[in-house]
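Enquirer: Heads up, the sequence shown is in the UniProt record's numbering, so the first residue is 1 and it goes up one at a time. Where a beta carbon is used, it is the ideal one built from N, C-alpha and C, also for glycine. Note that the structure is a prediction, hence the values are computed from the model and not measured.
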Amino acid sequence: MNLQKRLWRAEPSFRLLAKLIRINWLYVLLICALAGVGYGALYSAGGGSSHPFAGPQAMRFGFGLIMMTVVALLSPRVLKILSVPIYLAAIALLTLVLRMGHVGKGAERWINLGGIQFQPSEFAKIALVLALSTWFCRLDPKKMGNPLRLVPPALMVLLPVGLVLKEPNLGTSVIIGVIGATMFFAAGMRLWQIALLAVPLPFLGKFVYAHLHDYQKARIETFMHPEQDPLGAGYNIIQSKIALGSGGMWGEGYLHGSQGQLNFLPEKQTDFIFTMIGEEWGYAGAIAVIGLLGLMIVGGMMIAMLCRNQFCRLLAFGITIDLFMYCAVNLSMVMGVIPVGGVPLPLISYGGSAMLTMMFGFGLLLSAWVHRNERDRPREDDAG
């Protein structure tokens, strides 16, 4: 009998040690490696100094590691109990930000909690994954064909989407909607139901576009024709493409990127951090970073597939989809594939809200791995 099983069957006080051993430390190593890349990029963004970006980010990551480990040790039973209050707290924070949020770049997205600026929309994505995982694990898959059974989880998705859209934050609201839709599919939603839900999307898109703010419409128009306003709305994406192209195969050298170091590159520490990496480390460095992100996404999907209970499977899947959406949207944005939006690159871009909520999400993912062999308990729908 191996050490993990012996500790697990021993006194309860030893179970904590057994869970620590069970944590997927290889995945933790990937997380640390990506955070290391972020520290190096932010050090360069600060002009070769840990102030003002790299140092604070490293402190947040250290705190996030502790939080991630604690969350990884929580059992599915505890997480299910906490899912409802966590989701309600996220909705309350999203409502609060509309009433007393901090305005930045034309939107109310931040609230001040004890002197710390916090972006509730980032937390809402993780809260939604946790809440949907709890709901679907208690629902008999055979009853997924009943539309009435899908109304509560649909409302759980639409509520944060609507609140985030009202901030306004179009990019994050779309990501929340995609996460919710993929969770429905993973839970066993029928293809005909998915097709039925997709029918009104073109009309909904037209309605949403008609109610967008002027700056949001400008982003979409700039995406189509950035050269029409090279010093105004098109400046960001044009400078991003110049920086990526100037890096070549091997880059201009660490701390020697012309666009980044001479401050031509906008938001180089947040939304456009990958552009700075491409300029200084070149095509090879950019591919290496994408490869590292890809390993984390594949690793998350492997964890989801190896879970033997529905709750852990859905939880791991949802967190991995969140990570994938972060990466896909940010990378597509800086390459000019989609309109520019305020979506950071996980563990690399500067920002406390995204860092801490992502670390909380990784804690949930690792908890799914630790408890992957636990069997599902009888569903509420099966009782009686």
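(1) Count the other C-beta atoms from every protein chain shown that fall within 10 angstroms of the C-beta of M68, then say buried if there are 16 or more, exposed otherwise.
(2) List in chain order: all unbroken alpha helix (DSSP H) runs of 4+ residues lying wholly within the segment 53-78.
(3) Just to confirm the assignment, what range does the alpha helix (DSSP H) spanning A271 have?
(4) Could you check what DSSP says for D381 in three-state terms: helix, strand or coil?
(5) Comparing alpha-carbon positions, which option in R60, L292 and C312 lies nearest C327?
(6) Within 10 Å of its beta-carbon, does A284 have 16 or more other beta-carbons around it, so buried, or fewer, so exposed?
(7) Is T275 closer than 7 Å to V334 when the C-beta atoms are compared?
(8) In its own chain, which residues sit with a C-beta less than 6 Å from the C-beta of R313, not counting the 5 before and 5 after it?
(9) Just list the residues that DSSP pairs F123 with in beta bridges.
(10) Applying the criterion that 16 or more other CB atoms from any shown protein chain within 10 Å of the CB defines a buried residue, is G294 buried or exposed?
(11) When the Cα of T320 is compared with those of M359, T270 and S332, which residue comes out closest?
(12) Under the assumption that I348 contacts G64 (Cβ atoms under 8 Å), give the Cβ distance between them as a whole number of angstroms.
(13) Skipping 5 residues on each side, what residues in its chain have a beta carbon closer than 8 Å to that of S49?
(14) For a quick check, are the C-beta atoms of S83 and A124 less than 7 Å apart?
(15) Out of C32, A45, R138 and L94, which has the shortest C-alpha to C-alpha gap to R77?
(16) Under three-state DSSP, which class holds F264?
(17) Please determine, among G177, G336 and A288, the residue with the shortest C-alpha to C-alpha distance to G245.
(18) Which residues in the same chain as I338 place their Cβ atom closer than 6 Å to its Cβ, once the five residues preceding and following it in sequence are excluded?
(19) Can you grab the Cα-Cα spacing for the pair L364 / S121, in whole Å?
(20) Cα-Cα, which of L163, E279 and W250 is closest to S258?
(21) For K268, count neighbouring Cβ atoms within 10 angstroms of its own Cβ and tell me buried if that reaches 16, exposed if not.
(22) Inspect the CB distances between the segment 181-194 and the segment 142-149 and report whether three or more fall short of 8 Å.
(23) For the candidate residues L98, Q310, L345 and A127, whose alpha-carbon lies nearest to that of N373?
(24) Which ranges would you report for the alpha helix (DSSP H) in the segment 22-50 if only whole runs of at least 4 residues count?
(25) Please report the straight-line C-alpha distance between R190 and L158, rounded to a whole angstrom.
(26) For M156, count the other beta carbons within 10 Å of its own beta carbon; 16 or more makes it buried, fewer makes it exposed. Which is it?
(27) Quick check: the Cα distance between V178 and W281, rounded to an integer number of angstroms?
(28) Which residue from A154, G248, G342 and N263 puts its Cα closest to that of P168?
(29) Given that a residue counts as buried once 16 or more other Cβ atoms are within 10 Å of its Cβ, and exposed if not, what is W25?
Expert: On the basis of the supplied data:
(1) Result: buried.
(2) Along the length of the segment 53-78, whole alpha helix (DSSP H) runs at least 4 residues long occupy 54-72, reported in chain order.
(3) In the sequence under discussion, the amino acid at residue 271 is Asp, which differs from the Ala named in the question. Note, D271: premise wrong, no alpha helix (DSSP H); not H, not E.
(4) Because D381 sits at a pLDDT of 46, beneath the cut-off of 50, its placement in the model cannot be relied upon, and the following sentence gives the value as read from the coordinates. Assignment of D381 by DSSP, reduced to helix, strand and coil, places it in the helix class.
(5) The shortest C-alpha separation from C327 is found at L292.
(6) Exposed, by the Cβ-count rule.
(7) Yes, the Cβ-Cβ distance between V334 and T275 is below 7 Å.
(8) Excluding sequence neighbours, R313 sits near A304 and C307.
(9) Partner residues in a beta bridge of F123, as assigned by DSSP, do not exist.
(10) So G294 counts as exposed.
(11) Nearest C-alpha to T320: M359.
(12) Distance from I348 to G64 at the Cβ level is roughly 14 Å; contact not present, criterion being Cβ atoms closer than 8 Å.
(13) Excluding residues within five positions, the ones whose Cβ falls inside 8 Å are Y43.
(14) Contact: no.
(15) Out of C32, A45, R138 and L94, the CA that lies nearest to the CA of R77 is found in R138.
(16) Residue state, collapsed to three classes: coil.
(17) The shortest Cα separation from G245 among G177, G336 and A288 belongs to G336.
(18) So the qualifying residues of the chain are S332.
(19) Across the structure, L364 and S121 are spaced so that their CA atoms are roughly 18 Å apart.
(20) Taking only the C-alpha atoms, the option nearest S258 is E279.
(21) Burial call: buried.
(22) Touching, per the Cβ criterion.
(23) Of the candidates L98, Q310, L345 and A127, the residue whose Cα lies closest to the Cα of N373 is Q310.
(24) Runs of the alpha helix (DSSP H) inside the segment 22-50: 25-45.
(25) If you take the alpha carbons of R190 and L158, they lie about 20 Å apart.
(26) Around the beta carbon of M156, 16 or more other beta carbons sit within 10 angstroms, so the residue counts as buried.
(27) Rounded to the nearest whole angstrom, the CA to CA distance from V178 to W281 is 32 Å.
(28) Checking every option, the nearest Cα to that of P168 belongs to G342.
(29) So W25 ends up on the exposed side.
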